[in-house]
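Q: The numbering of the sequence shown is UniProt numbering, which starts it at 1 and goes up by one.
Take this structure, written in C-alpha cells, and hold onto it; I'll ask about it next.
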Amino acid sequence: MKSDTMKKMKHRVSLKSHKIPFVGFLSEQFQDLNPFLKSMIIFTVVLWKVYIGYIIFYGVSPLQNFSNSPEIPTVQNIALNAIHAPHTSLDKVSKPIQTAGLVPVHTPENPIRVLHIVTALAEYNNGSRGTERGEDRLQKVFIPVLKNSVESMIAPPYNYEVDVYLVLGWDLKPERRKLIEDALPEGVGLQVWSNATPLGYDKPMTDVKLKPVTRGLARQHRYVIKDKLMYYDLFSVFEDDMRITGGHIHHFLEVSRELERLTEEAPDELPPEHDYPKDKGSISRQLSKKQLKRMMPGLIRTEILLDESKYPSQRELDPIPIDLEFDMEDGSTRELMFDTKPCCHVPPGLGKMPPNPSGDKAMIWETAVKGTVVKKIPKGGTNFLDWVMLQPGPKNVKPTSNVAGFWSGNLGLYGDMEKPGGGDPRLIAQQGGWLATREQLIEMHLHQCPGGFFPPFENPLYNQDGLTLNNVEFWSGGFSIFSGTKAGCNMQRSSQLSIAKNK
C-alpha cells in the first residue's frame with residue numbers, strides 16, 4: 001500500500017515538472033524500469049548519437065572545410081541514377097586527337113563521369129542571324145549536334161560516362177522529348193528543365209511587373225551544376241549549336257592535369273624582379289602556385305564559311321606576315337595550315353556543315369592575333385605544354401597573380417597601338433560554352449571569383465540575382481569565368497601551341 005502511494009506521489013511530482021505531460025509520462029516510466037533495461041536504453045541512445053555524429057562529420061564537414069583548406073579536397077564520386085551500358089555498338093572515333101597520354105583512359109573501375117549541359121532558348125528559328133523563320137531548330141540543329149557530340153564522348157578511345165541535362169526556354173512536349181531520347185545512345189541519362197527562363201521585374205527600381213528575362217536563361221546552368229557537383233568529374237556547358245567532342249574533353253583534361261603538376265612543383269612566391277615589365281618581360285619567367293592556379297585550358301570558337309559570296313571572309317588583314325612554315329622537332333620544316341580535324345570534321349548530314357572542310361574555310365570567333373600573348377612554360381611536370389597562347393580576358397590582376405608573356409604588338413607591327421584591354425568584346429573569343437572539372441569549379445568558387453561561382457548571386461557584385469545586365473556572353477560566352485569585369489573570376493585561358501606534340 002505504501003509503495004502504491006509513493007508511486008502516485010512521485011508520478012504527480014514528475015508531471016508537474018514538465019510543461020508537456022507526455023514527456024513527463026515517459027520520464028516517469030523510465031524511472032520505474034529495472035537497472036538492466038535502463039542501461040540498454042541509455043546504451044542505444046548513445047550509440048545512435050555516435051552514428052549521427054559520424055554521418056555529420058564525414059558527410060557534411062568536407063563541404064564546410066573547403067574554405068579552411070588551402071588545397072582542393074578529393075571528393076569521392078557518387079554513383080549515378082542513370083544506368084550506363086557499355087557502348088560496344090559505337091564505332092571508334094575515326095580521327096581521335098593525338099595527345100600525350102597524361103590522362104588515364106576511362107575504365108569501369110575508374111570512370112570519368114561527364115555532365116553535358118545544353119542551353120537552348122527557342123524550339124523554332126525566328127529568322128534572325130541568317131536562319132529561316134519557323135524552321136524546326138530542334139530537329140535541324142539541336143538534336144544532330146547533341147547526338148554527334150555525345151556519341152564522340154562515349155565512343156572509343158574516350159569511353160566517358162555521359163549524362164545530358166537540357167535547360168530550355170520552352171515547354172518540351174512528350175512527343176518532342178521522345179525525339180531526343182531516341183537520338184541519344186543507350187545508357188545516356190537525360191534530364192530536362194523546361195520553361196527555365198527566370199522571371200524578373202521589368203523596372204527593378206520600382207518592382208512594377210514580373211516578366212521573363214530571356215538573357216537570364218544562360219544563368220540557369222549554375223543551379224544545375226551546384227546541385228550535381230558531387231556526382232560528376234567534368235561539366236560541359238554549351239549553347240545548342242556548339243559541337244563539343246570526346247577529343248576536346250580529353251585534351252582539356254590533359255592540359256588541366258599538366259597545370260596541376262606544374263602547380264604542385266611551383267614555389268609559393270617568386271623573388272621580386274623590379275626590372276620585369278608587365279608586358280615585355282621574359283616570356284619564359286617562372287610561375288608561382290598563385291599564377292598557375294589561375295590558368296585553365298582555353299577554347300576558341302570556330303565556324304566554317306559556307307557561302308563566301310554572301311558571307312565572305314575577312315578582307316582587310318592585320319599587318320602580320322603570313323608564315324605557314326613551322327620548325328619540327330626533328331629539325332625539318334613543314335608547311336601547316338589551321339587543322340580543322342579536331343573542330344570541324346563531321347559525319348555527312350550534320351546540319352549544313354560540310355564533312356571535311358579545309359583550313360582556309362575556318363573562321364575563328366571574335367578574336368584576332370592582336371589580342372593574344374604567347375608564353376613559354378618553364379620546364380616542369382612532363383614538359384607537355386612548352387609554348388602556350390594566353391587568351392584575352394583578365395584585367396586588374398595583381399602583379400603577383402598576373403601571367404604575362406609576349407604580346408604580338410611588342411615589335412611595333414601595329415604601330416603606336418597599345419595592347420588592347422582584357423575585356424575587349426572583339427577579342428575575348430566568345431566560346432559559346434566552357435569545360436571545367438569539379439576541382440576547378442571549387443577552386444573558382446572559393447578562391448578566384450569575387451562573388452563566388454555558384455548561387456546565390458548577391459549584391460554588391462550582382463543585381464536582381466544576376467539578371468540585371470549579365471547576358472549570355474557573361475554566363476556562357478566567357479566573361480564570367482575568364483574576364484575581370486564585375487563579378488568576373490579572371491581565370492587565364494591557356495591554349496597549347498606546340499605543334500609537333502599534337503601531330
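C-beta atoms are modelled at their ideal positions from N, C-alpha and C, and glycine is treated no differently.
Keep in mind it's a predicted model, so treat the numbers as computed, not measured.
According to DSSP, is L199 part of a helix, a strand, or is it coil?
A: strand
Q: For the alpha helix (DSSP H) holding E181, just list the boundary residues, first then last.
A: Counted as a single uninterrupted DSSP element, the alpha helix (DSSP H) harbouring E181 occupies residues P174 to A183.
Q: Using only CA atoms, which one of H447, L467 and Q448 lies nearest to P456?
A: L467
Q: With a threshold of 8 Å, are at least 3 pairs of Cβ atoms found where one atom belongs to the segment 255-265 and the other to the segment 374-387?
A: yes
Q: Would the segment 296-307 count as touching the segment 400-410 if we require 3 or more Cβ pairs under 8 Å?
A: Between the segment 296-307 and the segment 400-410 there are fewer than three inter-stretch CB-CB distances shorter than 8 Å, so the stretches are not counted as touching.
Q: With a CB to CB cut of under 8 Å and the five nearest residues on each side skipped, what residues in its chain are close to R261?
A: G380, G381 and T382
Q: When the Cα of E366 is compared with those of L497, Y232 and Q391, which residue comes out closest?
A: Q391
Q: Could you compute how far the alpha carbon of M417 sits from the alpha carbon of P394?
A: 19 Å
Q: Got a sec? Which residues, its chain only, sit under 7 Å from L168 by beta carbon, not counting five neighbours each side?
A: Apart from sequence neighbours up to five positions away, the residues of its chain that approach L168 with a beta-carbon distance below 7 Å are A120, V192, W193, S194 and A196, ordered along the chain.
Q: From the DSSP output, which residues share a beta bridge with Q430?
A: Q430 is not bridged to any residue.
Q: Using only alpha-carbon positions, find the residue among F479, G187, I180 and V255 that is nearest to V388.
A: V255
Q: Do you know how far the Cα of G331 is from the Cα of E151?
A: If I take the Cα positions, the gap works out to 39 Å.
Q: Can you name the residues that DSSP bridges to T333?
A: D327
Q: Buried or exposed for I41, please, with buried defined as at least 16 other CB atoms from any protein chain shown within 10 angstroms of its CB.
A: exposed
Q: Check whether the segment 238-250 touches the segment 436-451, counting contact only when three or more Cβ pairs, one atom from each stretch, lie closer than 8 Å.
A: Counting Cβ pairs under 8 Å, fewer than three are found: no touch.
Q: Taking only beta-carbon positions, decide if P35 is within less than 8 Å of chain B.
A: Absence of chain B from the displayed structure is noted, only one protein chain being present.
Q: Cutting at 7 Å between CB atoms, please list the residues of its own chain near V141, excluding the five before and the five after it.
A: D240, D241 and G351
Q: Counting pairs of Cβ atoms below 8 Å between the segment 225-233 and the segment 110-128, do you hit three or more?
A: Counting C-beta pairs closer than 8 Å gives three or more between the segment 225-233 and the segment 110-128, which meets the contact rule.
Q: For H345, which of helix, strand or coil comes out of DSSP?
A: coil
Q: According to the Cβ coordinates, are A218 and W434 closer than 8 Å?
A: no
Q: By how many angstroms is the C-alpha of I244 removed from the C-alpha of V145?
A: Roughly 9 Å separates the two Cα atoms.
Q: Might you give, ordered along the chain, the residues of its own chain that have their beta carbon closer than 8 Å to the beta carbon of K293, omitting 5 neighbours on each side?
A: T263, E443, H447 and Q448
Q: Who are G298's beta bridge partners in DSSP?
A: Note: G298 sits in no beta bridge, so no partner.
Q: List the endpoints of the continuous beta strand (DSSP E) containing Q286.
A: No beta strand (DSSP E) contains Q286, which DSSP labels as neither H nor E.
Q: Secondary structure at F479, three-state DSSP: helix, strand or coil?
A: helix
Q: Return the bridge partner residues of E303 from the DSSP annotation.
A: M363
Q: Per DSSP, which residues does L390 bridge with? Please list them.
A: V373 and S494
Q: What does the alpha-carbon distance come out to for the pair residue 522 and N356?
A: In this structure the chain extends from 1 to 503, so residue 522 is not present and cannot be described.
Q: Cβ atoms of D318 and A362: under 8 Å apart, would you say?
A: No.
Q: Roughly how many whole angstroms lie between the Cα atoms of I304 and A122?
A: 23 Å
Q: To the nearest angstrom, report how far apart H84 and E161 are at their CA atoms.
A: Note that H84 has pLDDT 38, beneath the 50 cutoff, so the model's placement of it is unreliable and the number below is only indicative. Rounded to the nearest angstrom, the two C-alpha atoms are 7 Å apart.
Q: Fully enclosed by the segment 127-173, which beta strand (DSSP E) runs are 3 residues long or longer?
A: At a cut-off of 3 residues, the continuous stretches assigned as beta strand (DSSP E) that sit fully inside the segment 127-173 are 161-168.
Q: Sort P157, K178, I428 and V164 by Cα distance to Q139 and report the nearest one.
A: K178
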